[in-house]
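Notes to accompany the following structure.
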Amino acid sequence: MVNKDDLREQFIEAFEGADYPIKSPMDLVPALPQGPSTTFESGDFSMTAMELNTKISGGDWPYDDVEAFVDDVIDQLEDQDLF
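Each number in my numbering corresponds to the 1-based position in the sequence shown with 15 added.
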């Protein structure tokens, strides 16, 4: 079973170092600990940042802070029943 709170913490930790506001997914890459291969895992869920980018659509760019971005990512993953 996926722990959404755990995933949210992982996303925040990985993306909080970006220079906000961010205008595109490319603005996040320098902040990622292992770049696009940074992996997020919880329960049966496992996805790299690169895979995550292919699963989320559009978004509400620009994002002014990490919480707004992560909330949108979680919502989109839930909408697609990916966890």
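All residues carry an ideal CB built from backbone N, CA and C; glycine is no exception.
- Of the candidates 82, 83, 93, 78, the residue whose Cα lies closest to the Cα of residue 36 is 78.
- Straight across, the Cα-Cα distance linking residue 75 with residue 91 is about 11 angstroms.
- A residue is called buried once 16 or more other Cβ atoms fall within 10 Å of its Cβ, and residue 16, having fewer, is exposed.
- Pairing residue 18 with residue 61 gives a Cβ-Cβ distance that is not under 7 angstroms.
- Non-local beta-carbon contacts of residue 82 in its own chain, meaning distances under 8 angstroms to residues more than five positions away in sequence, involve 27 in chain order.
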